Amino acid sequence: MSFSFGFNSNDLSDDELEGESQLSATNSAKYSSVSNNGNPLDEDRLKAADVLQPELVDLSDLLTSLNNVRISFEQFKTPKKHVTLYRRELFDVKHQLMSEVGDSDDPLQNVELDILLGETSEDLRKNVYEGGLKSWECSIDVVETISDEADLVNDFDCVLELGCGTSLPSEYIFQRYLQQSVTHGLRLILSDYNKSVLRLVTIPNLIITWAKTTLSNEQWNLLQQSGNSSDVTIQDDELLLTPTLLDAFYQDIQSRNISLVFISGTWGRFFNKIAESQIVVNTSLLLITSETIYQPENLPVVAETLIEMLLANLHKSKALIAAKDIYFGVGGSIVELEKYLNIAIKNRSIPLSLNTYKIDAGLKRSIVSLE
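When the letters of the sequence shown are read in order and numbered with the UniProt record's numbering, they come out as residues 1 to 371.
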């Protein structure tokens, strides 16, 4: 089954829009009785053979896989707050995937390449590839929200980003920490369904941000020339990931008391156990997720994951959920998320409060705050 995020209301007929409303009513009835149906985190479908199960991904393995890879990237500014961010160019990801065809034992790699090359009409494919190689609008909404609230950067020691993809919100927090002369510690837990996404865009974006934020021009040049001839091409929008540069990245984040944790695979009970094992007791926790509620069947899983994480860290925790108000043709929506959370909070007397902030944009989007 495949999905595309490219729909808008003008693309849909009245019959399709009516179908969306009927689905909304059906989902609301299901949400109101969720306590009688068991926790969505324990659903059997999350343990099915065709679903990638969660696992920790070693940072050293990710770095080793990038040895001597030259990555092209862009520097861009967010549309309203003009926050500077960096991200690997999508064409560069395509180039690396193409160069690795036949050399990898990952059966999903060809699927990702077909989608990126436009061989299919998909943005993602259920249980196979969840769209993490592209940056989506709502992740930028989160960055601009965080940039408005300094406490969201300074007051949280641990950030867990669910469905991180290009990890722009975590990248921004990472960048802000690097810019400060503090070593109190920052722990970034980055999760994505596809391990390849963590390798191809998540960690590269953090490395680029580190290099652009901390390195002098001399260091930028020397670390890329190390082990190579002195005539290696050095450019402002490319970074050659030499073993020396990767080691410098690793050693520097260690010295700054920054921990990077990566988890691939589906959400569910086992994912929560892995994630909770990586959260230091009595830490301040910020949860971030964007563009992850587009599938109605996964919306309760996302909601319950956030609820459990927040309740396990009640002394200081907050969640930001960013999404389009309606995912036409797919079924998820902010309204359905609000309904689910409000019913859960009321019926189970959960000590959490919910607020929704609308994004001023042509395509209606929102950020739900849960704390």
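Yeah, the Cβ is synthetic: ideal placement off N, Cα and C, and Gly gets one too.
Values in this document were obtained by computation on a predicted structure and should not be read as measured data.
Inter-residue spacing [alpha-carbon to alpha-carbon] between Leu59 and Thr242: About 16 Å.
Stretch-stretch touch, CB-based, cutoff 8 Å, three pairs: the region 288-301 with the region 162-169: yes
Gln225 in three-state terms, based on DSSP: helix
Burial state of Gly132, where buried means 16 or more other Cβ atoms lie within 10 Å: buried
Contact check, Leu370 vs Ile293, beta carbons under 9 Å: no
Three-state class that DSSP yields for Tyr177 in the structure shown: helix
Limits of the unbroken alpha helix (DSSP H) element including Asp247: Unbroken alpha helix (DSSP H) run through Asp247: 243-255.
Close beta carbons around Ile173, own chain, < 6 Å, minus the five adjacent residues each side: Val153, Val159
Unbroken alpha helix (DSSP H) run spanning Lys94, endpoints: 90-100
Host alpha helix (DSSP H) of Tyr340 (start-end): 334-347
Nearest-angstrom Cα separation, counted from Ser72 out to Asn228: 19 Å
Beta-carbon proximity of Lys316 to Ser353, cut-off 9 Å: In this structure, Lys316 keeps its C-beta atom at 9 Å or more from the C-beta atom of Ser353.
Residue from Thr266, Ile208, Ala211 with nearest C-alpha to Asp192: For the residues Thr266, Ile208, Ala211, the minimum Cα distance to Asp192 belongs to Thr266.
According to DSSP, residues forming a beta bridge with Glu55: Ser264
DSSP bridge partner residues for Ile367 (one or two, in chain order): Ala322, Tyr357
Check whether Gly331 and Pro300 have beta carbons under 9 Å apart: no
Beta-bridge pairing of Ser72 - partner residues as DSSP gives them: Glu238
Asp157 versus Gln96 - alpha carbon distance: 34 Å
Delimiting residues of the alpha helix (DSSP H) encompassing Thr145: 137-148
Whether Lys339 touches Arg365 by CB criterion (9 Å): no
Buried/exposed call for Ala25, threshold 16 Cβ in 10 Å: Low local confidence applies: a pLDDT of 49 at Ala25 is under 50, so the model's placement there is unreliable, and no value is given.
Closest Cα partner of Ile345 within the set Leu311, Ile207, Glu137: Leu311
Enclosing beta strand (DSSP E) for Ser191 [first to last residue]: 186-192
Secondary structure of Phe7, DSSP reduced to three states: Residue placement at Phe7 is flagged as unreliable, the pLDDT there being 38, under the threshold of 50; the coordinate-derived value follows with that caveat. Correct three-state label for Phe7: coil.
Helix, strand or coil at His315 [DSSP, three-state]: coil
Beta-carbon spacing of Val69, Leu240 below 9 Å: yes
Check whether Asp155 and Ala361 have beta carbons under 9 Å apart: no
Beta bridge counterpart(s) of Thr289 as assigned by DSSP: Leu162, Ile321
Residue 393 (DSSP reduced to helix, strand or coil): A question about residue 393 goes unanswered here, because the residues of the chain that appear run from 1 up to 371.
Alpha-carbon to alpha-carbon, Pro169 and Thr84: 12 Å
Candidates Thr213, Asp148, Leu198: closest to Gln180 by CA position: Thr213
Cut-off 6 Å between Cβ atoms - residues of its own chain near Thr356, not counting five sequence neighbours on either side: Ser366, Val368
Continuous alpha helix (DSSP H) stretch holding Phe156: start and end: Where Phe156 is concerned, there is no enclosing alpha helix (DSSP H), given that its DSSP letter is neither H nor E.
Bridge partner(s) assigned by DSSP for Lys77: Thr84
Ser259 - DSSP class collapsed to helix/strand/coil: strand
Length of the line joining the Cα atoms of Lys273 and Trp210: Rounded to whole angstroms, Lys273 to Trp210 spans 30 Å at the Cα level.
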